[in-house]
Amino acid sequence: MSLPLAIPSYVMVLVLLSLFGPRGLIADATGWTVPAASGFWPAWGALTLATYPYVHLVVAASMRRLSRSLEDAARGLGASPIRVFFTVTVPQLRPAIAAGALLSALYTVSDFGAVSLARFDVFTRAIYTQYQGRIDRTPAAVLAMVLIVIALAVVWGEQRSRGRAAYHTRGDGAPPRVERLGRAAAGGTTALLAMVAIVGVVMPISVLVSWAARSDAGLPWGSLAGSVTAAVLAASLAALFALPAVITGVRHPGTASTWLERITYLVFAIPHITVGLAVVVFAANRLGPLYQSLALMVVVYAALFLAEAVGAGRASLLRVDPRLEEAARGLGRTPVQAFLEVTLPLIRRGIGVGAVLVFLSTLKELPVTLLLRPTGFDTLAVDVWSATDQLRYGQAAVPALLLIAVSVMPIYMLVIRRRMQPL
């Protein structure tokens, strides 16, 4: 269910176009006349498939921490299973649902690759066109400011919906109950999951394998090393930055912490092509040796995707009762010891989920990499885009498949593995 997160949105839209286009695989196989596939629908489909795992990862991990004692109490009072789900379970998952949905929405707002290849006019595509086609950058700057306002409205709406409610539990309840579904419910659930898996994973990989089989391109080992190095460094740095931001926002809410959280989401929503160009201008004029360095590129990655780490970490910390830390302090622990011995073990899975999201996003990042990478430094995303831009789909399929393969291991460690700890 989370594997589509490993497939870049621009690869997903290419697969959809190759399948459903007028000269695509379906038209060739059936002989049907298929209308031109471009615009809203392929862009929407690709972005939906590419971003729904943001919600799935955070919510699925959070559900594993739910106590069934509240559900048992509601059922004991005569509530039906459906009523228990909507009145007891869903409210407990509200922070995780909101965090995942916010990440998905902001990713969609700032996406460039999918909408560009689908030829669907949105702010990011218009900004890129203005940058490329005009000497005067003012129109592009105005469009970027409008996009920032939209992102701010999305973040404000999420925070308003969250309100001041508390979502933590004491952690002493019974573990979630695993129940068997009826035949009809099991069949419907299986069909839905199978459809998502086929459309989001099987079809894209099948098309990529078909392209790769007709290509004589070798494995890009240098690009693989560059992608993994940059992604690991960015994920580690983002997790390190996210920890104090999450603690400040949840345990010490105030004007400063609220704006700090909003800024992380705003940076995530700003078109990455705009961020890259701004950093290029600033670094070339002010930073000297850091211009086009791996260190600068990693810092920009961490700043861009910090919201992913903060969102997952916040959803985790909101479920930790602060009285646990107070009890540890009452037993003689210092605040730092109480955090390290009590709170950190309870939220480390959430921080880990955030780090994996940053790792995967960095692997797929394109505009910032193109603008800030050191001379001779290539990544798998750059290889995919370069080959696609020249319509060499077979050559693009090889690094795309390698990109998916690299992403499978962290997804397996945090999601598929049954022993995965709750968020």
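Residues in the sequence shown are numbered from 1 upward in steps of one, following the working numbering.
Glycine residues also receive a C-beta, built at the ideal position from the N, C-alpha and C atoms.
Item	Value
In the DSSP output, which residue or residues are listed as bridge partners for Val342?	Per DSSP, none; premise fails for Val342.
I'd like the ranges of any alpha helix (DSSP H) spanning at least 4 consecutive residues and lying wholly in the region 174-209.	183-197
Are the beta-carbon atoms of Gly350 and Leu317 separated by less than 9 Å?	yes
Is the region 318-335 touching the region 253-261 in the sense that three or more CB pairs, one from each, lie closer than 8 Å?	no
Which whole-angstrom value is the C-beta distance of Leu403 and Ala6, which I expect to be below 8 Å?	7 Å
For Gln130, which residues from the same chain have a beta carbon less than 6 Å from its beta carbon, with the 5 sequence-adjacent residues on both sides left out?	Pro139, Ala140
Tell me which same chain residues have a C-beta within less than 6 Å of the C-beta of Ala338, skipping the five on either side of it?	Glu325, Ala328, Arg329
Check whether the region 394-401 and the region 202-212 are in contact - that is, three or more C-beta pairs closer than 8 Å.	yes
Rounded C-beta distance between Leu372 and Gly276? I'm assuming under 8 Å.	6 Å
Taking only the alpha-carbon atoms, compute the straight-line gap between Met297 and Pro289 and give it to the nearest angstrom.	13 Å
By a C-beta neighbour count over all protein chains shown, 10 Å radius and 16 as the cutoff for buried, is Asp172 buried or exposed?	Caution is warranted here: a pLDDT of 49 is assigned to Asp172, below 50, making its placement in the model unreliable, and the coordinate value is therefore given only provisionally. Under this definition Asp172 is an exposed residue.
Measure from the alpha carbon of Leu49 to the alpha carbon of each residue in Ala105, Ser69, Ser62, then state which is nearest.	Ala105
If you draw a straight line from the C-alpha of Ala283 to the C-alpha of Gly113, how long is it?	25 Å
Our contact map puts Gly354 next to Ala312 with C-beta atoms below 8 Å; I'd like the distance itself, whole angstroms only.	4 Å
Hey, would you say Val406 sits closer than 9 Å to Leu366, going by beta carbons?	no
How about Phe268 and Leu237: are their beta carbons less than 9 Å apart?	no
Could you tell me the distance, in whole angstroms, from the CA atom of Arg333 to the CA atom of Asp383?	52 Å
Considering only the alpha carbon of each residue, which of Val408, Ala387, Pro410 lies closest to Ser215?	Ala387
What residue does the alpha helix (DSSP H) around Ala114 start on, and which one ends it?	113-117
Check for me: the alpha helix (DSSP H) holding Val122 runs from which residue to which?	Here Val122 belongs to no alpha helix (DSSP H), and DSSP marks it neither H nor E.
Quick one: residues in its chain with C-beta nearer than 6 Å to the C-beta of Tyr393, no 5 flanking neighbours on either side, listed in chain order?	Trp211
Can you list, in chain order, the residues of its chain with a C-beta nearer than 8 Å to that of Ile148? Leave out the 5 residues immediately preceding and following it.	Leu266, Ala269, Ile270
Which residue spans inside the region 275-333 form an unbroken beta strand (DSSP E) run of at least 3?	none
Just curious, the alpha helix (DSSP H) that Ala217 is in, first and last residue?	No alpha helix (DSSP H) holds Ala217; DSSP gives it neither H nor E.
Do Val310 and Ala242 have their beta-carbon atoms positioned less than 9 Å apart in this structure?	yes
Is the beta carbon of Val246 sitting closer than 9 Å to the one on Ile347?	yes
Which of helix, strand or coil does DSSP assign to Ala79?	coil
Can you tell me which of Ala126, Ala101, Val11, Leu224 puts its alpha carbon nearest to the alpha carbon of Leu143?	Ala126
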